[in-house]
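**Student:** Below: one structure in structure tokens.
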Amino acid sequence: MRDLYTVLGVAKNADQASIKKAFKTLARKYHPDVTKEPGAEEKFKEIAGAYEVIGDEQKRALYDEFGENSLRPGFNAEQARAYKNFAGGFPGGNGGGFPGGGNPFGGGGGVRFEDLFAGGDMGSFFGGGGGGRGRVTKGADIEGRARVPFMVAVKGGEVQVPLRRPAHCSACGGEGGTGQRPCRACAGKGRKNMGQRGLIMACDECGGTGVEFANTCVACDGTGRAQSDQKLTVRIPAGAETGKSIRLKGQGGEGVRGGPAGDLVLNLEVDEHPLLRRKGKDLELEVPISLSEALGGGSVEVPTPTTPVRVKIPKGAANGARLRVPGRGVQAREGAGDLYLILRPVIPSGLTEEALLDALPLAQKLDALGNPELRAGLQL
Ligand SMILES: [Zn+2]
Ligand SMILES: [Zn+2]
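Residue numbers (our numbering): 2 to 381.
Structure representation (structure tokens):
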């Protein structure tokens with residue numbers, strides 16, 4: 002009998018998605034309805050037989066552990082394992098890999114007891130790296146990005162976040178399959194005696210639920226979950242900054258088999274603004290003023306994140322002079338920041354040669370009255 006992985010042309014550690022894909026490709030090629038090639042029917046049966054085992058996490062794990070023996074009618078994994086443990090002289094442990102999803106410990110005989118329970122291994126042991134049908138599992142935490150318009154970060158508001166996340170599988174309504182029956186591995190008890198130390202652990206075939214399916218949902222491989230594209234409306238507090246994140250409890254991946262949902266962690270990315278600059282809770286806005294306003298002072302209306310304000314330009318306002326408008330910065334809950342107006346006197350553009358010549362004597366007079374050492378500080 003050929004090795005089942007070889008039949009499907011996949012690696013021993015291939016995941017279920019690639020196994021399914023390999024099977025579909027081969028099945029299409031050798032299906033008796035499609036090809037008249039001699040021996041195609043035999044080939045098709047061999048492929049289907051291999052997929053029945055390798056495409057099923059439980060059967061696959063037993064095949065990995067016990068090889069062809071696991072395919073014999075009436076094969077009993079517990080007995081085979083007990084025999085193997087005895088033969089291998091391995092106290093209290095497990096001679097080969099564990100059955101069930103992911104099988105993080107590989108096949109071979111020499112798995113030490115400590116390896117199974119030391120450090121962070123428990124997570125992968127119970128969580129199962131893949132497959133894992135039937136388990137009660139907390140949904141995954143999902144990390145995402147939320148682009149936040151500048152003004153939303155300043156005033157607070159809502160953003161729509163496109164999100165691809167696990168949700169109920171629509172094919173099976175989140176059930177994971179049909180024909181629910183007591184788990185054969187644990188006789189429906191949900192727990193198993195491991196080895197000779199009287200250790201009782203959750204059944205890793207059914208994740209402690211005590212049930213399995215006669216027909217596992219193909220769309221979700223029995224997990225009851227599927228990817229779903231959604232749009233989530235997220236409340237952004239005023240003061241949001243790039244680099245900060247928001248954790249939304251229970252908005253992550255759905256739990257499996259009634260487990261709690263995971264969280265959604267949104268990393269914020271605040272957009273730039275064409276006119277406003279932000280420094281912590283304060284904002285800066287450059288305000289063009291005319292030469293006459295700069296020289297003679299005046300009162301101008303400027304927009305702010307909340308309502309427009311009228312500000313007084315002092316006489317002789319220099320380029321870059323700053324005016325503080327209290328409370329018109331970032332509208333943070335614990336106290337609003339300030340808005341700083343940076344005054345930019347503008348030389349009128351589009352003047353004729355004649356107009357420029359007219360204005361020149363006055364400009365020269367002002368230059369002489371002001372600071373004559375204009376470029377004194379220009380040293381590198
Ligand atoms: Zn079980
Ligand atoms: Zn499903």
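Idealized CB from N, CA, C, for every residue including glycine.
All of these numbers come straight from a predicted model, not from anything done at the bench.
I'd like the span of the beta strand (DSSP E) that includes Pro346, first residue to last.
**Tutor:** For the purposes of this step, residue 346 is taken as residue 345 along the sequence shown, with counting starting at 1. Per DSSP, Pro346 belongs to the beta strand (DSSP E) from Leu340 to Val347.
**Student:** Rounding to the nearest angstrom, what Cα-Cα distance links Leu63 and Ala186 in this structure?
**Tutor:** One-based indexing of the sequence shown puts residue 63 at position 62. One-based indexing of the sequence shown puts residue 186 at position 185. Taking the straight line from one Cα to the other gives about 11 Å.
**Student:** Relative to the alpha-carbon of Ser291, which residue among Arg279, Gly256, Val271 and Pro349 has its alpha-carbon at the smallest distance?
**Tutor:** Taking the first residue of the sequence shown as position 1, residue 291 is located at position 290. Of the candidates Arg279, Gly256, Val271 and Pro349, the one whose C-alpha sits nearest the C-alpha of Ser291 is Pro349.
**Student:** So, helix, strand or coil for Leu361, using DSSP?
**Tutor:** Stepping through the sequence shown from its first residue, residue 361 is reached at position 360. The answer is helix: DSSP assigns Leu361 an H, G or I state.
**Student:** How do the region 20-33 and the region 49-59 stand: do at least 3 beta-carbon pairs fall below 8 Å, yes or no?
**Tutor:** As far as the Cβ criterion goes, the region 20-33 touches the region 49-59, which means the pair count is three or higher.
**Student:** For the structure I just gave you, are there three or more beta carbon pairs, one from the region 252-266 and one from the region 212-229, closer than 8 Å?
**Tutor:** Result yes; three or more Cβ-Cβ pairs closer than 8 Å.
**Student:** What's the C-alpha gap between Gly133 and Gly225?
**Tutor:** Indexing the sequence shown from 1 puts residue 133 at position 132. Indexing the sequence shown from 1 puts residue 225 at position 224. Confidence at Gly133 is low in this model, with a pLDDT of 43, below 50, so its placement is unreliable and no value can be given for it.
**Student:** Taking the DSSP output, what are the residues bridged to Lys232?
**Tutor:** Along the sequence shown, one-based indexing puts residue 232 at 231. DSSP lists Pro163 as partners of Lys232.
**Student:** Pick helix, strand or coil for Gly68, following the three-state DSSP scheme.
**Tutor:** In the sequence shown, counting from the first residue as 1, residue 68 sits at position 67. In this structure, Gly68 counts as helix in the three-state DSSP scheme.
**Student:** Specify, as a first and last residue, the run of the beta strand (DSSP E) that Phe214 falls within.
**Tutor:** Counting from 1 along the sequence shown, the entry for residue 214 is found at position 213. Start and end: Val212 to Thr217.
**Student:** Exposed or buried, which one is Asp205 when buried takes at least 16 other CB atoms within 10 Å?
**Tutor:** Residue numbering aside, residue 205 sits at position 204 when the sequence shown is read from its first letter. Classification of Asp205: buried, given that the 10 Å Cβ count is 16 or more.
**Student:** For His169, which residues in the same chain have their Cβ closer than 6 Å to its Cβ, ignoring the five residues on either side in sequence?
**Tutor:** Reading the sequence shown from its first residue, position 168 is the one you call residue 169. So the list reads Gly175, once near-sequence residues are dropped.
**Student:** Grab the span of the alpha helix (DSSP H) containing Thr26 for me, first residue to last.
**Tutor:** To locate residue 26, count along the sequence shown from 1; it is residue 25. Element bounds for Thr26: Gln17 to Tyr31.
**Student:** Quick check: is the beta carbon of Gln17 nearer than 8 Å to any beta carbon in chain C?
**Tutor:** As a matter of chain content, chain C is missing from the structure shown, which is built from one protein chain.
**Student:** Whole-angstrom Cβ separation of Leu284 and Gly330, contact assumed at under 8 Å?
**Tutor:** Within the sequence shown, numbered from 1, the residue matching residue 284 stands at position 283. Within the sequence shown, numbered from 1, the residue matching residue 330 stands at position 329. Correct: roughly 5 Å between the Cβ atoms.
**Student:** Mind checking Thr308: buried by the 16 CB within 10 Å criterion, or exposed?
**Tutor:** Here residue 308 is taken as the residue at index 307 of the sequence shown, counted from 1. Exposed, by the Cβ-count rule.
**Student:** Please enumerate, following chain order, all residues with a beta carbon closer than 5 Å to at least one heavy atom belonging to ligand 2.
**Tutor:** Cβ-based neighbours of ligand 2 within the cut-off: Cys170, Ala172, Cys173, Cys218, Ala220 and Cys221.
**Student:** What's the C-alpha gap between Gly75 and Lys250?
**Tutor:** Your numbering for residue 75 matches position 74 in the sequence shown. Your numbering for residue 250 matches position 249 in the sequence shown. When rounded, the distance between both Cα atoms is 47 Å.
**Student:** Kindly list the residues whose CB is nearer than 7 Å to the CB of Ala88, restricted to its own chain and excluding five residues on each side of it in sequence; keep chain order.
**Tutor:** The residue given as residue 88 occupies position 87 in the sequence shown. Only weak support exists for where Ala88 lies, its pLDDT of 40 falling under 50; the value from the coordinates is given anyway. Cβ neighbours of Ala88 beyond the five flanking positions: none.
**Student:** Rounded to whole angstroms, what's the CA-CA distance from Ile343 to Pro362? Just pull it up for me.
**Tutor:** Here residue 343 corresponds to residue number 342 of the sequence shown, with the count starting at 1. Here residue 362 corresponds to residue number 361 of the sequence shown, with the count starting at 1. Whole-angstrom Cα-Cα distance: 28 Å.
**Student:** Considering only heavy atoms of ligand 1, does any lie closer than 7 Å to the CB of Glu206?
**Tutor:** Working through the sequence shown from its first residue, we reach residue 206 at position 205. It does: the Cβ of Glu206 is within 7 Å (strictly closer) of some heavy atom of ligand 1.
**Student:** Which residue from Ile48, Pro289 and Ala227 puts its Cα closest to that of Asn320?
**Tutor:** Your numbering for residue 320 matches position 319 in the sequence shown. Selected option, being the one with the closest Cα: Pro289.
**Student:** On the CB-based measure, 16 or more other CB atoms within 10 Å of its CB, does Leu379 come out buried or exposed?
**Tutor:** In the sequence shown, counting from the first residue as 1, residue 379 sits at position 378. So Leu379 ends up on the exposed side.
**Student:** Quick check on this structure: which residue in Val271, Lys366, Asp4 and Lys46 has the alpha carbon closest to the alpha carbon of Asp65?
**Tutor:** As a position in the sequence shown, residue 65 is number 64, starting the count at 1. That would be Asp4, whose Cα lies nearest to the Cα of Asp65.
**Student:** Does ligand 1 have a heavy atom nearer than 7 Å to the CB of Ala186?
**Tutor:** In the sequence shown, counting from the first residue as 1, residue 186 sits at position 185. Flag set: Cβ of Ala186 near ligand 1.
**Student:** Please classify Arg376 as buried or exposed, where buried requires at least 16 neighbouring CB atoms within 10 angstroms.
**Tutor:** As a working mapping, residue 376 is identified with position 375 in the sequence shown. Exposed, because fewer than 16 other Cβ atoms sit within 10 Å of the Cβ of Arg376.
**Student:** Do Gly177 and Thr138 have their C-beta atoms within less than 8 Å of each other?
**Tutor:** Residue numbering aside, residue 177 sits at position 176 when the sequence shown is read from its first letter. Residue numbering aside, residue 138 sits at position 137 when the sequence shown is read from its first letter. The answer is no: Cβ separation not under 8 Å.
**Student:** From which residue to which residue does the alpha helix (DSSP H) around Leu9 run?
**Tutor:** Here the question's residue 9 lines up with position 8 in the sequence shown. Segment Leu5 to Leu9, the alpha helix (DSSP H) holding Leu9.
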